[in-house]
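*Asks:* My questions will all concern the structure given below.
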C-alpha cells in the first residue's frame, strides 16, 4: 500500500527539484514537460488530452487518489483507500471488511464517514501576492502574514463553500504559490469492494513487493442531494491487459516527498526523526498485534489501524535504509554540491537552513510527544482548537482552521464513526508512555501530560470518562464554541484544553526558528534552481494533482529479471493456506471460471509516492488500464530520490478488475455501467 | 540496569585501544596503569592491593559481576542480576520477585538455576601459541586452526573440570591471547533480595538515569557439596557513605565494547545492525507489554523477560544516538586517522576490515534471522549442536562446545527452570514473523524456517508439541547424544535439526569472509597501536576481569550540576503512587525508622559497561562501599567511546544496603556476618 505517510509534517516544507532524469517527475498540469517527454518517447500528450485527464482525476481527502469512470459519478480507487469505510460500516454480525461488499442496488451503497471527493477546476498563480505579504517581517510575524494572505486568497476564491474548495499550494518549498480550486463532493458512498484477502493477499510481507497478487481495487460513487452526481468528464474504462513497454501515465496526488532537502534536513531526518519514529511505531505495532489476538472482535476492530501502522512502518524503514545507504545519499550530496557551485545570487539559503534545523532540533521531541495519539483525543483537540480559532478573524487563525478549511474539518469531526475503547486506551497508553520515555520522567512536558498519573491509569480514566465517541456530543461542542468547551467537564476536553497552550507555544517556536527561515530560504533555493536548470524541474509532492509519465516494465533484481506482470492464476500457486497467503475464498469458489492467464498486477516506471494510491493508470489513448496501489521496495527511497532502473509503480489491471466484476464478486450493474459509451 | 548486551556477538571482535584519557579504561589486572594513575591521582594501588582485590572479585555466568564479602561465601551483587533466580523460584502463590526474599536460615537459601560464580586464579600469556597456529592458513581453515589450539590450551589448563574452568580470552581484537583460569562454584543460592519495587523504583523511565533511588542490591552464597564455601580472600564490607571526590575502583567483567571498531565496522553497526535491532526489539517489547496486561499471572511471568528487553533496548537506542551524533563519531574518526597516519608497518589492516565488512553485509540478515527466539527452541538447538559436536574430537568442535565449555553448557541446559508456554509462543511467533519480514516471503531461508506454515501456526504447534520444558526429557536427550536426537520425534528437536545445517553453513561463511580476515587485521591493528602508543592502552571489554579507577563526582547537564548522590529520604519525595514510581511497601511501612539522610545511590567517573553490573565499588583501603548497577544516559555511548565529563557509573551505596538489612528487609544474621572481622 502506498498510503500517504505525512508523519514529518512539521518539517515537510519541500524544495524545488533539480533536472529530472528519465521518467522521473511528479509534474503539475500547468507545467507538463512536453519537450522532454517527446525527446524520450517520441510523443507527448497535447493540451486537450491533459485537460480531459485533469477533469476526470479525483482526490480523496482520506489521503488517496482516484478517477471518475462513468457518467454517474462512479469512482475507481484502491481497496485500501476505502478499507476504513468498510470498517466503519462493519459490525461483528456483518464484517464487510472481511467478506467484501457489492451494493445490490444503488440505494444500498454505503456512506463513507469523513470521505470527500475533489476535482481540480482551476489553477492560478498567486506567488506575487503571497510573497508580497512577507514585507520585511521575520520569525513568527512572517509566517503569520503569509498565512493571513493565504486565508484571504482562499476565502475570496471559493465563495460557494458547499460545492467548492480553495487551497493555496506551496510549490518548490516556497518558490511558487498556486491557488487550486476544486469542485467537491462531500457525500461519497461505497459501491463495490472485494473481500479483504483478495486485496491484501500476502499481507504485510508482500506489501511493497512484486510479483504481487492483489485485487487492491474498489468503486465509490459521488452523491449530491441524495442522487449520484453527473460526471460527463469521466475517463474511459478500458479492461485490457497492459503491453510490455507501452507508455503509461499516473495521475494523482502524491502526498509528500523531500527530494531536495538540504543535507542538514536529511541528516536530521536520518539521525533523529526516523530512529524515533521506527522505534515507537514498532512498539505500537507489537502492542496492537498482541491485543488483536485476544478475541475475534478485536481482530476485526483493530485490523484497519494495524494495516495503517504496518504500512507506515514499512515506509519509515525503507526511508531509513535509503538514508543509511551511502551510495544513495552520495547522489543527493552531489546534486546539492552542483547547485551550490552555481550559487544563489549572493544569498546563502543553505546556511539559513542549517541554522534553522539546528534551532529546531531541541524542539523536536517536545513537539512530537506533546500530541497524544487517540481518535478521541484528536476529536477533543480539534474541538478545542476550532473553538479557540473560530473566535478570531479569519486572517489570524492557524492554517488548518481558516474559513476555507473549516467545512472539511467539521465533516471529519462530526461524521459518525465507530470508536473502540480498548483500541483508544491502547494507543493513548502507548503514546503517554513514550512521552515519559523520550522526554524523561522529570521533564516539565511529561509533568504536564502525566502529572502524578501513570500512562496506563490516565489512558483508562480519560477513555472511560469521555463522551466524545457520541457524534451528538461532538456536534454540541462544535456548535457551542468556546462557551461550551469551557463549560464542559468531559475529561478529554479538559485534558485537551490543558495541553493546548503548550502545543501553541511549541508551534510558535517552530514557526519562528524553522518555518519562517525556511519560507525565505525555500524561495531562494527555488530561484537558484530555476536560474541553474530553467523550468525543467518539478516541485516536491504536496498532495496536489500531478501527472507522471513512464512505461510498463519489469526490472533487474540481483541479476534476475523481475517480470512486468502477474496473472490471476498465479494466486493459486502462491497460496499456502496460511494467513496472509491463504487464497481468497471467492477465488477458490470460482476457480473454474477465472481466466488464469488474465493479467493481475503489473509494474511501470512511473514516479509515485504515498497519496498516489488509487491513481488511474492511463494509456496514450487516455483510457484507464489500471489503478496504482503500491510501489516496489526500491520506491521507498522515493521520498528522497528516484532511480528509474529500480523504482516501480505497482498497478492492479482493469483486466483483473473486470474479471472480478464478472466472475468473482459479480456486479452486473457495474459491468454494464462501465461498458456504456 | 547495565546487563551485558552482547547482541552483536557475530561482529564483536574488538580492537586495541588508543591512549586512554583521564579515568578512561577497563584495565586487565596484569597491566594496571600504575604510572598513569599516579600522575592523575598522586597515588595508585600496589601489587598486593591488586592481588587482594582480584581474589575477592567474582564473575557470575549469567552476565554479571560480584564480590565475596564474608568468609562464608557470601556474594554481593545487584538485584537485577538475580531477578531471574527470584523469578524461577516464584509461583502465583509465592511471588518472590514482587515481595523480595530473606532466607530465614541458611538452609532455606534458594538455588539459582543456571548460575555459576567464578574467581580468576591465574592469567597466563598464550599469544605466541595461538598465533603460531595460524600458520599460512586463510579463511575458515585459519579460524579452525585457532579454535583447535584454544580448545587444546583450555583443556590442558584445567584438568579438574569439577572445580576449575579455563578460558582463552582474545584481547586487543587478536593482539593478545590470555589463558584465564577460574575457581568455579556451580551451586549458587540466594540469601537476600529486597522487594522488586525497591530495586526497580522508577522502572524503565529511570533506568540509565540519575538522580536515582534504587536498592539494586542482593546477596548470593556459593555452595559446594551442600555447604557454604570458605572464602577467606573476601573483600571487606564497609557500610559508609561515599565522600565527594574520593577515589573509587570498579572491579568486574565489562561485557563488550567496540571502542576501536574501524570506520567501516561502525558504519555497518549504525546503518544496518542497530536499525534492525531497535525496530524488531521494539515490536517484541510491545507484544509483551500487551500480553502481560492480560492477567496477573502473565504480569508476573513476563516481568523478568520484559525488564531484560527494555534494558537492552535502551542500550541499543543509546548506541544508535551515539553513532548518529556527528560530534561523537568525529572523535572516533580522528582517532582512527591518527593511527592510520602512523601506519601499520606496511600492512593495511583497515582495508582488510573494509573488505571483510563488505563481504559480511549480505550474510547478516540471514545469519541473524535463522536463529528463532525462544527458551524451548534454545534448549533444542543446544541439544542438537551439543550432540553433533560431542561426536567430534575436542579440537574439531565449534568454540562453544569444547570440553572446557561443556560443563557450564550442560548445567544451563539441564537446570530446572519454569517455562511459560504463552511466553514461548509469543517470542517464537514474533521471531518467525521477523524472518519473513526481513528476508522476504520468497527467500529460501524463510521457506526453510516456515515452509507453508504461518508464524503463528508454527509457533503454536512447536510449543504445544514439545516436551523440552521437562528437565528429565532434556537430560535424556543430552545423555543419549546423536542417537537419541535422531530417534526423537519431539517437534522442537526435529525443527532444530532441520535448521542446523543452514546455521552451520552461515557460520562457516561468516568465519571465512569476516572472522578469519579480522583475526589477522586485529593482530596488525593491535601491533600498530602498541608501536604508536606503547602499552598505555586497554583492550576492549570481553566479559573478563577488569579494573577501572575514578572518583565520586556528579556532572554538568545542560548547564546544571547533577549532585553526586541521593538519599533514602528522597524516595518519598519522588514517589507518585503510580507504577513504577510507587514507593516500595516496606519503605512506607518502615518510614519512621529509615534515616532519610543516609546515602542511597551515587555516581562515579569509573569507566564501565554492561556486564559490570554488581561490580564492587572499592575505596583506596580496598573496602567495598557500593555495588555498581547502572550507567547514566551518556554512558550508553560508552560502547564506542568514553567521555569523562559526562559518562558516569551509578552505584548503590553500602550505607543504603546496610540500612535496608537492618531496618527495611531485616536480615540480622547477614548484618552479623558482614560485620565479622
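Chains as they are written, first to last, in the numbering used here: chain H, -5 to 671; chain G, -5 to 671.
Even for Gly, the Cβ is constructed at its ideal location relative to N, Cα and C.
Could you name the residues of chain G that residue 383 (chain H) contacts, counting a contact when the two beta carbons are closer than 7 Å?
*Replies:* The contacting residues do not exist; residue 383 (chain H) stays about 34 Å from chain G at best.
*Asks:* For a quick check, are the C-beta atoms of residue 472 (chain H) and residue 285 (chain H) less than 8 Å apart?
*Replies:* Not closer than 8 Å, so no.
*Asks:* Under 8 Å between C-beta atoms, does residue 368 (chain H) make it to chain G?
*Replies:* False, the Cβ-Cβ gap to chain G never drops below 8 Å.
*Asks:* With a cut-off of 8 Å, does the C-beta of residue 655 (chain G) fall near any C-beta of chain H?
*Replies:* Not closer than 8 Å to any Cβ of chain H, the Cβ of residue 655 (chain G) fails to qualify, so no.
*Asks:* Between residue 290 (chain G) and chain H, is any beta-carbon pair separated by less than 8 Å?
*Replies:* Taking Cβ atoms only, chain H never reaches closer than 8 Å to residue 290 (chain G), which makes this a no.
*Asks:* If you reduce the DSSP assignment to three classes, tell me which class residue 296 (chain G) lands in.
*Replies:* It is helical.
*Asks:* What does the alpha-carbon distance come out to for the pair residue 667 (chain G) and residue 172 (chain G)?
*Replies:* One C-alpha to the other measures close to 36 Å.
*Asks:* Mind pulling the chain H residues with CB within less than 9 Å of residue 324 (chain G)?
*Replies:* Going along chain H, no residue has its Cβ under 9 Å from residue 324 (chain G), so there is no contact; the nearest lies around 13 Å.
*Asks:* Comparing the C-beta of residue 311 (chain G) with each C-beta of chain H, is any distance below 8 Å?
*Replies:* It does: the Cβ of residue 311 (chain G) has a partner Cβ on chain H nearer than 8 Å.
*Asks:* Name the residues in the region 450 to 476 of chain H whose C-beta lies less than 8 Å from a C-beta of chain G; which are they?
*Replies:* So the close ones are 450, 451.
*Asks:* So, does the region 599 to 606 of chain G touch the region 228 to 247 of chain G, judging by three or more C-beta pairs under 8 Å?
*Replies:* Touching, per the Cβ criterion.
*Asks:* Count the C-beta pairs between the region 625 to 633 of chain G and the region 569 to 585 of chain G that are closer than 8 Å, then say yes if the count reaches three, no if not.
*Replies:* Counting Cβ pairs under 8 Å, fewer than three are found: no touch.
*Asks:* Using a Cβ-Cβ distance under 8 Å, would residue 70 (chain H) count as near chain G?
*Replies:* Chain G, which has no Cβ nearer than 8 Å to the Cβ of residue 70 (chain H), makes this no.
*Asks:* In the DSSP output, what is residue 174 (chain H) paired with across the bridge?
*Replies:* Answer by DSSP bridge pairing, in chain order: H:117, H:161.
*Asks:* Under 7 Å Cβ-Cβ, which residues of chain G neighbour residue 283 (chain H)?
*Replies:* The answer, in chain order, is 281.
*Asks:* Of all the CB atoms in chain H, is at least one closer than 8 Å to the CB of residue 641 (chain G)?
*Replies:* Not one chain H Cβ lies under 8 Å of residue 641 (chain G).
*Asks:* Exposed or buried, residue 88 (chain G), counting other C-beta atoms within 10 Å across all chains shown (16 or more means buried)?
*Replies:* Residue 88 (chain G) should be labelled exposed.
*Asks:* Under 8 Å: do the region 75 to 93 of chain G and the region 289 to 296 of chain G share three or more Cβ pairs, one atom per stretch?
*Replies:* Yes, they touch.
*Asks:* Quick one: which residues of the region 332 to 364 of chain H get their C-beta closer than 8 Å to a C-beta of chain G? List them in chain order.
*Replies:* Listed in sequence order: no entries.
*Asks:* Considering only DSSP beta bridges, list what residue 617 (chain H) is partnered with.
*Replies:* Paired residue(s): H:230.
*Asks:* Here's the rule: buried if 16 or more other CB atoms are within 10 angstroms of the residue's CB, otherwise exposed. What is residue 18 (chain G)?
*Replies:* With 16 or more Cβ atoms within 10 Å of its Cβ, residue 18 (chain G) is classed as buried.
*Asks:* Can you tell me which of the three DSSP states residue 59 (chain G) falls into?
*Replies:* Correct three-state label for residue 59 (chain G): strand.
*Asks:* Against residue 265 (chain G), what residues of chain H qualify as contacts under a CB-to-CB distance less than 7 Å, listed in chain order?
*Replies:* The answer, in chain order, is 318.
*Asks:* Would you verify that the beta carbon of residue 278 (chain H) is, or is not, closer than 8 Å to some beta carbon of chain G?
*Replies:* Chain G contact via Cβ: present.
*Asks:* Which runs of the alpha helix (DSSP H) fall wholly inside the region 187 to 228 of chain G and span at least 4 residues, in chain order?
*Replies:* Counting whole runs of 4 or more residues, the region 187 to 228 of chain G contains the alpha helix (DSSP H) stretches 190 to 193, 197 to 200.
*Asks:* In this structure, does DSSP put residue 439 (chain G) in helix, strand or coil?
*Replies:* Residue 439 (chain G): helix per DSSP, three-state reduction.
*Asks:* Whose C-alpha, out of G:489, G:558, G:113, is nearest the C-alpha of residue 550 (chain G)?
*Replies:* Residue 550 (chain G) has its Cα closest to that of G:558, out of G:489, G:558, G:113.
*Asks:* At a CB distance below 8 Å, what residues from the region 412 to 437 of chain G approach chain H? Give them in sequence order.
*Replies:* If the cut-off is 8 Å between Cβ atoms, the region 412 to 437 of chain G has 420, 424, 430, 431, 434, 435 near chain H.
*Asks:* Where in the region 237 to 309 of chain G do unbroken runs of the beta strand (DSSP E), each at least 3 residues long, occur, reported from the N-terminal end onward?
*Replies:* Complete beta strand (DSSP E) runs here, min 3: 241 to 246.
*Asks:* Let me confirm a value: residue 249 (chain H) is counted as buried when at least 16 other C-beta atoms fall within 10 Å, else exposed. Which label applies?
*Replies:* Looking at its Cβ environment, which holds 16 or more other Cβ atoms inside 10 Å, residue 249 (chain H) is buried.
*Asks:* What residues are listed by DSSP as bridge partners for residue 662 (chain G)?
*Replies:* Paired residue(s): none; residue 662 (chain G) is not in a bridge.
*Asks:* Please state the DSSP three-state secondary structure of residue 543 (chain G).
*Replies:* In the structure shown, residue 543 (chain G) sits in a strand (DSSP, three-state: E or B).
*Asks:* Residues of chain G with CB under 7 Å from residue 570 (chain H), in chain order?
*Replies:* Residues of chain G passing the Cβ test: 446.
*Asks:* By Cβ distance, which residues of its chain are closer than 7 Å to residue 676 (chain H), with the 5 residues on each side in sequence left out?
*Replies:* As displayed, chain H neither begins before -5 nor continues past 671, which places residue 676 (chain H) out of reach and without an answer.
*Asks:* Suppose the cutoff is 6 Å on Cβ atoms and the five residues either side in sequence are ignored; what does the same chain contact list for residue 341 (chain H) look like?
*Replies:* Cβ neighbours of residue 341 (chain H) beyond the five flanking positions: 518.
*Asks:* How is residue 154 (chain G) classed by DSSP in three states: helix, strand or coil?
*Replies:* Of the three classes helix, strand and coil, the one that applies to residue 154 (chain G) here is coil, per DSSP.
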